[in-house]
Structures are given as structure tokens and as C-alpha cells.
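In this note's numbering, the protein residues as written are 196 to 793. Quick reminder that beta carbons are idealized off the backbone N, C-alpha and C, glycines included. So the structure is just underneath, and the comments pick up after that.
Structure follows, in C-alpha cells:
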């Protein structure tokens with residue numbers, strides 16, 4: 196019996212072992228069953244994610260259109276709501292007999308409902324242009340009207356007699372307008388002497404005076420004159436740029452708030468330390484510009500402006516795009532738009548790229564100048580006017596004598612290589628660190644060097660009997676004396692010429708930051724007209740430090756062409772400096788006393 200029981204027990208244990216082996220839920224490998232279950236869920240989730248990803252990838256274009264339309268409809272709803280509120284408030288204002296004067300209307304157009312309306316019109320035009328105008332209107336007009344007209348006018352102006360007569364008529368019309376406009380203020384015509392003098396200097400210093408092509412030169416100055424009329428003389432244009440300046444100031448103010456959060460209110464708001472307030476805005480602006488790069492907005496803006504300059508002036512597409520880019524970007528950032536094509540540029544094109552960089556300033560440093568008391572609208576206007584002038588004067592000083600390899604059809608603007616918008620934004624803020632450090636380092640080094648030179652000059656002057664503080668020899672005083680005639684022919688009153696000449700000299704020998712720093716402490720000694728002229732004259736990157744920056748930037752981008760850059764950079768520095776003086780002279784010609792608003 197015991198043996199039978201033992202046999203039965205043994206059989207039972209064997210059966211249990213067998214059952215445990217076959218049952219995945221009851222054997223010792225329970226974890227394996229869990230893994231199989233988990234694996235099944237992972238596979239299902241992976242398939243779902245792949246399906247969703249494939250759906251978005253296959254339908255990216257219609258989904259993108261749907262998203263844009265949805266955002267546009269939401270913005271339209273907000274616009275309708277704001278319109279209803281504005282009409283309701285306007286009725287209340289009229290019922291309360293509060294008159295709407297020019298100031299109220301300007302504030303409304305720049306800051307209130309009017310600005311929203313303009314913004315809505317621009318966005319609506321963008322949608323209409325992409326989906327209606329461009330495919331169905333612009334292309335036929337270009338094919339059947341614009342291209343034949345351009346060909347006809349090109350053939351006409353290739354003939355010497357119509358070309359000369361046409362340009363003389365334009366010159367006569369411009370001179371007639373200036374003389375009639377300044378009939379009660381004849382001193383406003385003095386800058387004509389300066390403008391003519393600078394053009395003669397450019398011709399005499401031209402690298403190849405016999406090869407000058409006059410179309411870009413003449414039309415560059417015509418464009419400057421027209422831009423000046425629109426932005427300086429015309430009230431609507433002046434209001435637009437004043438509004439743009441206010442918006443820039445407000446926009447950069449957000450960066451100041453960020454700086455105050457990091458450094459504290461005492462350094463930023465109370466003491467307004469330059470390194471912690473003005474320069475820190477560069478982080479935010481570079482952050483924002485990189486975001487625009489990522490979405491291709493900056494490339495489109497620069498491309499449109501560059502194509503416009505190329506069509507009007509006849510300069511090469513690379514020169515034109517770079518000049519347009521310098522309105523927004525720095526002298527080392529704008530050439531990045533054309534990086535693949537730099538290796539094919541000629542000496543003249545390199546000269547123009549360098550000169551455009553020296554004649555303008557980037558948007559990233561506007562806050563620094565504003566902190567020194569410069570008006571944002573004057574800074575923006577000066578940079579816009581300098582773009583075509585730099586092309587014109589560069590082609591006067593260094594005419595094209597080589598074959599241009601890059602044409603409009605053969606190039607496209609470089610797209611960003613950022614992985615995401617967050618990557619673009621964070622890299623923009625990080626890259627700004629080097630810009631900030633370079634500004635601070637150059638300011639410290641160059642200002643220290645000027646103090647050192649002034650110490651030597653002061654000691655030399657004391658040995659000759661110049662002991663009083665107001666008699667001490669210095670770089671500023673010497674440059675003030677040398678450039679006094681230049682300031683006078685730009686339209687500055689004689690008794691203020693030494694101060695302006697001194698500021699121009701500081702800008703040329705040190706940099707524009709040091710010039711604006713001195714300008715902020717001396718502006719109370721200057722009249723309103725002189726303050727405007729000085730602002731236009733010292734807005735530009737033409738200084739010794741920028742020469743080194745330009746050489747290093749372009750030599751890094753195209754090392755095989757570094758000898759091209761070094762051969763033309765100093766001439767381009769002189770060219771860019773004179774372009775600033777030409778812009779200041781044009782502003783002095785166009786601004787009457789009753790329109791001065793400092």
C-alpha cells in the first residue's frame with residue numbers, strides 16, 4: 196500500500212511538473228509572459244505612432260494649409276471683435292465731443308486699432324498673394340507687361356543720347372525740388388556742396404576710373420534721394436518710420452526686463468550700466484532673428500529687397516542681397532546668406548560686400564545706440580538710405596572689371612540648418628555671447644588705447660605750454676580740427692562743427708559706440724538739426740575693429756579668397772565711412788526746420 200501511495204504521489208508530482216511546464220502563467224517563467232504581453236502593447240503603440248507619423252508626413256501640405264487657415268480665421272475673428280469695440284468707442288468719443296486731432300490719429304494708427312488694421316491688411320495680402328495674385332496675376336503681368344517693358348527701357352537706355360538726357364532730366368528735377376523747397380532756408384543747400392565733394396573724392400580715388408559703369412552709381416543716389424523723400428520729407432513716411440522706431444524701442448524693452456531679472460533692477464534700471472542694460476538686449480534680438488531664419492522669413496525679406504536693388508541699380512545679385520541683408524544683419528552675418536557663392540565673387544563684389552558692412556549697422560546693436568539718446572527712427576532711416584548708397588559709391592570707387600559668375604537664376608538663399616525652432620532660438624541666444632563679449636572687449640581696449648594716446652598728447656602739449664584742461668591735446672581735439680570743414684559742408688553750423696568733427700573722428704578711429712557715448716554727453720550743446728545730422732553721420736560699422744572683424748569673417752567663410760578681402764578691405768572702409776557722410780548730407784538737404792523732432 197505504501198508503495199502504491201508513493202507511486203501515486205510520484206505520478207502526481209510528475210503531472211504537476213508537466214502542467215507547470217506547459218502553462219506559461221504557472222511555470223517559473225512568469226516574467227516571460229509579462230514580457231510577451233508588454234511586447235504586444237509596445238508593438239501596438241509603435242504601429243499607432245508610425246501610422247500617425249505617416250499620416251502627417253503624407254498630408255503635411257494640406258495640414259499646413261489647414262493650420263494656416265485656422266490661425267488666419269482666429270486672427271480675423273479677433274480683428275472683427277476689435278473693430279466692433281473700436282466703432283463703439285469712437286461713437287462714445289464723438290458723443291462726448293472729444294475731437295480727434297492729428298496726435299490722436301497717429302497714436303491710433305501706430306499703437307491702437309489702426310496698427311491692428313495695418314497688420315491684418317499685411318497678413319491678408321500675404322495670403323492673397325500666395326494663393327491668388329502670384330499664380331494668376333503676377334506671373335501674367337510679369338510675362339506680358341513687365342518683362343517687355345523692362346527689355347524696351349533697357350534697349351532705350353543702352354543708347355547714349357536717351358540715357359544722358361534721361362539722367363539729366365532726373366538730376367534737374369531733383370535740384371529744382373531742393374531749391375524750391377529750401378527757398379526760405381538757403382543754408383539747407385550747403386550739404387549740396389558736401390554731397391558733390393564726396394562724389395568727386397570717390398571718382399578721384401576710383402580704382403579704375405575708366406571702367407566706371409554709371410547706371411548703378413546714378414540710380415543708387417536716385418534711390419537714396421527717393422528713400423529720403425519717403426522717410427524723411429514725406430509726413431506719412433516719417434510717421435511710419437517713427438512708429439517703427441517706437442515699436443523697435445518697445446520690443447527691445449522686453450530684453451531690458453529680462454536683463455533686470457538676471458542682473459537686478461539696480462544695475463539695469465537705476466544705474467543703467469551699459470554692459471548689463473544696452474548690450475544684453477543683443478541676446479534677445481539674436482534669439483528672435485534665428486527664429487525668423489528657421490521659418491525662412493528673414494531669407495524672404497532679404498531676397499525681395501535684394502532683388503529690388505538688383506533690378507533698379509543693376510548691381511550683381513550677390514551684392515544686392517548682401518546690401519539688403521545689412522539693413523537687418525551685421526557685417527559678418529549678412530554674407531552667410533550667400534555662403535556657397537562667395538568663392539565665385541570678384542574683387543569688386545568683395546569690395547561692395549565690405550563697404551556695405553561698414554556703411555550700415557545691424558539691428559542687434561540698435562538698443563545700444565538708443566540707450567545713448569539716439570532716436571530709433573533716425574537709426575532705421577539711416578540704415579535703409581545707406582543700403583543703395585553703399586552700392587552706388589562702391590561701384591564708383593571700385594568698378595567691376597571681371598566676369599560675374601553668380602547670376603540671379605543660379606543662386607538661392609541659404610536655408611537654416613537648425614533642427615527645430617527651439618534649437619534655432621537657443622543657439623541664437625548662445626551665439627550672441629560672442630557678439631556681446633566682442634563689443635565689451637573692443638570698447639575696453641580701444642577706449643583705453645585712446646586714453647593712453649591722449650595721455651601722451653597731453654604731456655607733449657604741456658611741454659609746449661598748453662596746461663589748462665580745455666587746452667590739452669587729444670585725439671578727439673585733433674580730429675575735430677581736421678574734420679571741421681567736412682562737418683560744415685554737411686550742413687552743420689560753423690560754431691558746432693568742431694564738436695561734430697570730433698564725434699566723426701571718434702567713430703572712425705575708435706568705433707561708433709564710443710562716438711555715441713560722447714554724443715550723449717555733448718548733444719545738449721548741439722542744435723536739433725545738428726543732432727540729426729550727427730546721428731546719420733556716425734551710424735555705421737566703419738572703424739578699425741570692424742576691419743579686423745570683416746577680414747576674419749570672410750577669410751573663415753572663403754579661405755581661398757582671403758587675399759581678395761585683404762586687398763580691398765581698407766578701400767572699402769573709406770568707402771563705407773564716406774557713405775555715412777553722404778547719408779547725413781542727404782538728410783540735411785531734405786529736413787526743414789519745422790519738421791525737426793528730437
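Distance from the Cα of residue 707 is smallest, within the candidate group 739, 783, 692, for 739.
The closest CA to that of residue 769, considering only 402, 436, 236, 476, is found on 402. Under the three-state reduction of DSSP output, residue 705 falls in the coil class, being neither helix nor strand. Excluding the 5 residues flanking it on each side, residue 757 has same chain C-beta neighbours closer than 6 Å at 750, in chain order. Counting other Cβ atoms within 10 Å of its Cβ, residue 610 stays below 16 and is therefore classed as exposed. Here the C-alpha atom of residue 394 lies approximately 45 Å from the C-alpha atom of residue 308. With a contact defined as Cβ atoms closer than 8 Å, residue 699 and residue 732 qualify at about 6 Å. Residue state for residue 724 is assigned as helix, using DSSP reduced to three classes. The beta carbon of residue 386 sits closer than 6 Å to those of 685, 686, 780, 783, 784, all from its chain and outside the five residues before and after it, given in chain order.
No Cβ-Cβ contact shorter than 8 Å links residue 529 with residue 501. Counting C-beta atoms within 10 angstroms of its own C-beta, residue 636 has fewer than 16 neighbours from the protein chains shown and is therefore classed as exposed. Ranked by how close their Cα comes to the Cα of residue 593, the residues 576, 545, 599 have 545 in first place. The shortest CA-to-CA distance from residue 612 to any of 631, 590, 488 is the one to 488. Excluding sequence positions up to five before and after residue 702, its CB lies within less than 6 Å of the CB of 710, 733, all in the same chain and listed in chain order. Scanning 471, 238, 688 for the CA closest to the CA of residue 632 turns up 471. For residue 741, the closest alpha carbon among the candidates 249, 458, 767 is that of 767. Around the CB of residue 570, 16 or more other CB atoms lie within 10 Å, so the residue is classed as buried. Restricting attention to 313, 273, 564, 760, the CA atom closest to the CA of residue 541 is found in 760.
Here DSSP, grouped into helix, strand and coil, assigns residue 474 to coil. Secondary structure note for residue 653: its alpha helix (DSSP H) is the uninterrupted segment 616-658.
When the alpha-carbon of residue 619 is set against those of 415, 367, 478, 659, the nearest one is in 478. Residue 558 is classed as buried because its beta carbon has at least 16 other beta carbons within 10 Å across all chains shown. Residues 377 of the same chain have their beta carbon placed closer than 6 Å to that of residue 384, with the five preceding and five following residues left out of the count.
Residue 340 carries a helical assignment under DSSP once its states are collapsed to helix, strand and coil. The alpha-carbon separation between residue 343 and residue 507 amounts to approximately 16 Å. The straight-line gap separating the alpha-carbon atoms of residue 737 and residue 771 is approximately 6 Å. In this structure, the CA atom of residue 468 is about 44 Å from the CA atom of residue 262. In chain order, 554, 555, 774, 778 place their CB closer than 6 Å to the CB of residue 581, counting only its own chain and leaving out the 5 sequence neighbours on each side. Boundaries of the alpha helix (DSSP H) around residue 544: 542-554. Counting only the Cα atoms, residue 646 lies some 9 Å from residue 669. Contact check for residue 563 against residue 643 fails: the beta carbons are separated by 8 Å or more.
If you look at residue 533, you'll find it isn't in any alpha helix (DSSP H); DSSP assigns it neither H nor E. Taking all protein chains in view, the Cβ of residue 241 is surrounded by fewer than 16 other Cβ atoms within 10 Å, so the residue is classified as exposed. Shortest Cα-Cα distance from residue 602 to any of 446, 704, 510 involves 510. Rounded to whole angstroms, the Cβ separation of residue 714 and residue 567 is 6 Å, and the two are in contact under 8 Å. In terms of Cα proximity to residue 442, the closest of 658, 629, 575 is 575.
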